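A.B. asks: Mind having a look at this structure? Questions to follow.
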Amino acid sequence: MEGFETRPVVFDPAEIARAGAFVSIGADGHFRVERGYVRPEDELPIEPELVSAEDGEADRAMAASFEGDEAIVAAAPEAEPEEDEGLSPISDRLMTELTSHRTLGLRHALGERPDVAFLAALHVLTLKTFYHYGSDSCLELDLKSASFGTQAPGLNDSASAEAIRVRHESWAKALPKESTDLWDALQEWDGDSQAGLFAHIVSLSVNAVYEPWNRRPRAFAHADRLAQAVDLDIAAAGWKATVDNFLGRVTKARILQAVAQAKGQRAADRIEHLKKGDMAAEAETLLADTGWLPEPLRTPGHAADGDQAPESAVEETPEQFSEKLPEDEDEQVAQNDDTDEPMIAAE
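Below is the structure:
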């Protein structure tokens, strides 16, 4: 049987004269020839079937009856389509048109009911945050929570991260297990509970992360307004300048500027002669418990973060001191290397 099934195809010599072949390279890279294809214009015309005289006479006898000299041809009436007596499904086109009217009506009615609109928004955002079933709602609201591509030192262990985790787990326990029960459950909650859940979910969408390839000046301006509205204080939340998270990763000029702002110019002068590693470590000790923050962490409108030094200790303003500092670390190192004074570690 295998030989029979794999026997080569043999074409009629008359067909070969009209036919051609497709030549190509197969997916496996081998040469491929497909034969037996004929262009439409090369096809032979199909000859009409001949009807015998007897068959034609019989057909005419069946199709016509004679009355006198006149011939009456009787044609069978076309059958009319039967009307379906049952309830057949509504067509897709009609369903689309009808539901378009309903959607428009819902939009108008929901716009007149802020309380229901808030509940509907809370419902769909909760679905996407805790259940991942956004399709359970007819509202097409989206919620994005940006991940932190670059892991900052101590980020996951920070007080803010822990507080968010605890709050999220608390809300998750308060919600029903099945997404289909969520709407009824939220309706039964009081206004404070609804508002608290809404605030938590919306907070997860905040993205004020600087990305060098993604310029968003207006977004950062809005982040400043948001920080002012919630009275954000990163220092109170537990952030402190350390060698790992800031001081060891900036120039000596910025280290001195931070110390001058937090502890006064004299404190900055005492560590000015140190190498960068020692300077950063000493600055970490000096800045501890001062509440000093670098500019990206400051909330506009707050008093200068960490500027708690007494007036007698400050001989120059931070701005004046900043103007005197070299623009980069290499210039500062060159100045330190040129001095003839011995370098003595501060105690």
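If you want my numbering, it's the position in the sequence shown, counting the first as 1, plus 5.
All residues carry an ideal CB built from backbone N, CA and C; glycine is no exception.
Nothing here was measured: the structure is a model prediction, and the numbers come from that model.
1. State the start and end residues of the unbroken alpha helix (DSSP H) segment that holds Ser-29.
2. Less than 8 Å between the CB atoms is what I'm expecting for Leu-132 and Asp-120, so what's the real figure, rounded?
3. When you compare each of Asp-47, Tyr-42, Asp-294, His-35 to Ala-26 by their alpha carbons, which one comes out closest?
4. Where DSSP assigns a beta bridge to Tyr-136, which residues make up the other side?
5. Assuming Val-15 contacts Val-28 under a Cβ cut-off of 8 Å, what Cβ separation, rounded to an integer in Å, is found between them?
6. For Arg-275, report the span of its alpha helix (DSSP H) as first-last.
7. Would you identify the three-state DSSP class for Arg-230, choosing helix, strand or coil?
8. Measuring straight from C-alpha to C-alpha, what distance separates Ala-204 and Ala-286?
9. Is it true that the CB of Val-264 sits closer than 8 Å to the CB of Leu-291?
10. Keeping to the same chain, check which residues put their C-beta closer than 8 Å to that of Leu-115; ignore five residues upstream and five downstream.
11. Would Ile-276 and Ala-267 qualify as a contact pair, given that the criterion is a beta-carbon distance under 8 Å?
12. For the beta strand (DSSP E) holding Arg-37, just list the boundary residues, first then last.
13. Go through the segment 213-263 residue by residue and report every complete run of the alpha helix (DSSP H) that reaches 4 residues or more, in order.
C.D. replies: With the structure as the only source:
1. Note, Ser-29: premise wrong, no alpha helix (DSSP H); beta strand (DSSP E) at 25-30.
2. Contact doesn't hold; Cβ gap of about 19 Å is too wide.
3. Here the closest residue by C-alpha is Tyr-42.
4. DSSP lists no partner for Tyr-136.
5. In this structure Val-15 is not in contact with Val-28, their Cβ atoms being roughly 20 Å apart against a cut-off of 8 Å.
6. In the DSSP assignment, Arg-275 falls within the unbroken alpha helix (DSSP H) covering 270-276.
7. Arg-230: helix per DSSP, three-state reduction.
8. If you draw a straight line from the Cα of Ala-204 to the Cα of Ala-286, it is about 40 Å long.
9. With respect to the 8 Å criterion, Leu-291 and Val-264 are classified as neighbours on the basis of their beta carbons.
10. Contacts found: Val-121, Ala-122, Ala-125.
11. Taking 8 Å as the cut-off, the beta carbon of Ile-276 is found no closer than this to the beta carbon of Ala-267.
12. Start and end: 36-42.
13. Those alpha helix (DSSP H) runs which fall completely within the segment 213-263 and span 4+ residues are 222-234.
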